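First comes the structure, then the notes that go with it.
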Amino acid sequence: MDLSEFWWRPLIVLLVLGVGASGVGLYGGLIAGLAVAIAGLSIYLGYHIYYMSVLTNWLMKGDISPVPVASGAWDEIFYALERLIRLHKRSNSKLFAVLDRFEHAAQAIPDGIVMLNEADQIDWFNPAACRHFGLDDKSDRGQFIGYLIRQSAFHDYLGGDDYRWPFVMKSPCSRDMTLSVQMVPFGDKQKMLISRDVTQFEMVEAMRRDFVANVSHELRTPLTVVGGFLETFLDMRNILPEDLYKYCDLMQQQTERMRRLVEDLLALSRLESPQNRLVEKRIDMPDLIQTLYQDALSLSAGRHPIYLVSDSEDDLLGNADELVSGLGNLVSNAVRYTPPGKAITLAWAWREQELCFSVQDRGDGIEAHHIPRLTERFYRVDRGRSRETGGTGLGLAIAKHVLTRHQGRLVIESKVGQGSCFSACFPVSRVIRK
Ligand code: ADP
2 MDLSEFWWRP
12 LIVLLVLGVG
22 ASGVGLYGGL
32 IAGLAVAIAG
42 LSIYLGYHIY
52 YMSVLTNWLM
62 KGDISPVPVA
72 SGAWDEIFYA
82 LERLIRLHKR
92 SNSKLFAVLD
102 RFEHAAQAIP
112 DGIVMLNEAD
122 QIDWFNPAAC
132 RHFGLDDKSD
142 RGQFIGYLIR
152 QSAFHDYLGG
162 DDYRWPFVMK
172 SPCSRDMTLS
182 VQMVPFGDKQ
192 KMLISRDVTQ
202 FEMVEAMRRD
212 FVANVSHELR
222 TPLTVVGGFL
232 ETFLDMRNIL
242 PEDLYKYCDL
252 MQQQTERMRR
262 LVEDLLALSR
272 LESPQNRLVE
282 KRIDMPDLIQ
292 TLYQDALSLS
302 AGRHPIYLVS
312 DSEDDLLGNA
322 DELVSGLGNL
332 VSNAVRYTPP
342 GKAITLAWAW
352 REQELCFSVQ
362 DRGDGIEAHH
372 IPRLTERFYR
382 VDRGRSRETG
392 GTGLGLAIAK
402 HVLTRHQGRL
412 VIESKVGQGS
422 CFSACFPVSR
432 VIRK
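Per my numbering, the very first residue in the sequence shown carries number 2; after that it's consecutive.
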């Protein structure tokens, strides 16, 4: 309806009334004219008051019952209302259809979804979430999720604000079910908790871990025996033909390589094992770093200038054996991959919010595309050089695992032609100040 059309109607009525009253006033006198005008206005006002009350009654009902029927200007108003309601109903039914489809899809998804409000109370969840967390459709809506999943590690994850990575936990309703859960913040301080059943994957992982650990363990004894005999042969250099001595020496070198490989595989298995909890105590870090510095000097045997910069006296809470093995790999890599004559610097210093042990070398550096893959098992930039220098391809994987167990991280910076810097950085929560 055109707005101007609507406003013309009452104007025409008032005009007609005015002309009529003036006509009566001209022929019947002023009083008669006024009486006609008042009577006309009263009828017109009564008409509006009546339909206003009809509209008010209809609005007060609160539901969308049929719009009342009217005549004149009010007919237009009710017609416009009717149209609005029809539009509203149509968009509502579209919205309901979309919601219905979404709800059906969410019900069919094998992953659990729990919607939480800003107070971490449950707004909604799908059937998979019921299976994963043992939630009850009737009683658990509106409950704080922390009351229903009573695991301290989950509480830490929920209370923290780093939801970048999923978190693995046992299902609260079955110890046999392993879940990978991840919080996804959305909207205005709301969160979505997504859970996935990773029991099968965990079992395969455990089988792989056990297999590697068992094979490594089984290989240890025969290797020790073979190595022992070869050593005996090598001690008999005087009576052995020269060729045979050379073969024995070669076999001894390869046996030693295999022994190192087996030891590294066993070390990795231990670090990965969920049963192997971190045994922590205060570690005198300046002392440990001094040991690593001495190791670097003896490994290099005078081939490199090696410096130690200790800017902090602070200690760490952790496992000394694991740290010696993890950080030692960074030191031995620097010595092995830095050409003779080029400097190596070990440092223990604060870097913003983290305390870092860094090993900086002036070696050849590493091309950027290799850097993200260096901590993968057996990933080497130059396989030949790694073997030549006694590498197993597991050193950085071990270092990364050790750091992860200490909530630390490995930062690798390198520029081709300028050298590399490998830093083991620890959070404040691990630091014990002197
Ligand atoms: P590896 O036993 O082969 O040294 P690591 O896991 O310790 O295995 O290291 C993986 C690869 O990273 C190495 O093979 C090497 O190519 C590269 N790398 C590690 N440290 C350095 C370094 N300081 N300078 C140059 N390359 C390095």
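Each residue gets a CB set at the ideal place from its N, CA and C atoms; glycine is no exception. Since the structure is predicted, the reported quantities are computational estimates derived from the model, not experimental observations.
Any non-hydrogen atom of the ligand ADP within 8 angstroms of residue i CB
{"i": "His371", "result": "yes"}
{"i": "Ser421", "result": "yes"}
{"i": "Asn239", "result": "no"}
{"i": "Val199", "result": "no"}
{"i": "Ser415", "result": "yes"}
{"i": "Ala335", "result": "yes"}
{"i": "Thr222", "result": "no"}
{"i": "Val360", "result": "yes"}
{"i": "Ala398", "result": "yes"}
{"i": "Leu375", "result": "yes"}
{"i": "Val453", "result": "As displayed, the chain neither begins before 2 nor continues past 435, which places residue 453 out of reach and without an answer."}
{"i": "Arg304", "result": "no"}
{"i": "Thr390", "result": "yes"}
Rounded C-alpha distance that separates residue i from residue j
{"i": "Phe126", "j": "Ala350", "result": "47 angstroms"}
{"i": "Phe134", "j": "Gly327", "result": "37 angstroms"}
{"i": "Lys190", "j": "Asp76", "result": "47 angstroms"}
{"i": "Met2", "j": "Ile50", "result": "Note that Met2 scores 49 on pLDDT, short of 50, meaning its location in the model is unreliable; the coordinates nonetheless yield the value given after this. Going from the Cα of Met2 to the Cα of Ile50 covers about 22 angstroms."}
{"i": "Leu262", "j": "Leu180", "result": "33 angstroms"}
{"i": "Asn118", "j": "Gln419", "result": "51 angstroms"}
{"i": "Gly24", "j": "Val37", "result": "10 angstroms"}
{"i": "Val227", "j": "Cys249", "result": "11 angstroms"}
{"i": "Glu185", "j": "Pro306", "result": "Checking the sequence shown, residue 185 turns out to be Val, not Glu. Distance between the alpha carbons of Val185 and Pro306: 50 angstroms."}
{"i": "Ala344", "j": "Arg151", "result": "53 angstroms"}
{"i": "Ser274", "j": "Arg210", "result": "8 angstroms"}
{"i": "Pro69", "j": "Ile123", "result": "43 angstroms"}
{"i": "Glu314", "j": "Asp288", "result": "10 angstroms"}
{"i": "Ser359", "j": "Tyr294", "result": "12 angstroms"}
Candidates the options, of which the one nearest residue i by Cα
{"i": "Met252", "options": "Leu269, Asn239, Thr233 and Asp101", "result": "Thr233"}
{"i": "Met178", "options": "Ser196, Ile413, Arg165 and Tyr148", "result": "Ser196"}
{"i": "Ser415", "options": "Arg363, Asn58, Glu389 and Val263", "result": "Arg363"}
{"i": "Tyr380", "options": "Glu389, Leu397 and Leu27", "result": "Leu397"}
{"i": "Val169", "options": "Gly161, Ser313, Ser175 and Gln183", "result": "Gln183"}
{"i": "Thr292", "options": "Leu267, Ser333, Thr225 and Leu42", "result": "Ser333"}
{"i": "Ser421", "options": "Ser153, Gln361 and Leu375", "result": "Gln361"}
{"i": "Ile114", "options": "Ser430, Met193, Arg210 and Ile78", "result": "Met193"}
{"i": "Leu318", "options": "Lys282, Gln295, Thr346 and Glu353", "result": "Lys282"}
{"i": "Leu324", "options": "Ala106, His407, Tyr164 and Gln354", "result": "His407"}
{"i": "Asp265", "options": "Ala71, Lys62 and Leu395", "result": "Leu395"}
{"i": "Gln255", "options": "Thr393, Val213 and Gly303", "result": "Thr393"}
Bridge partners - residue i, DSSP secondary structure assignment
{"i": "Ala302", "result": "Note: Ala302 sits in no beta bridge, so no partner."}
{"i": "Leu117", "result": "Ile123 and Lys192"}
{"i": "Gln183", "result": "Ile195"}
{"i": "Tyr308", "result": "Thr346"}
{"i": "Met170", "result": "Leu180"}
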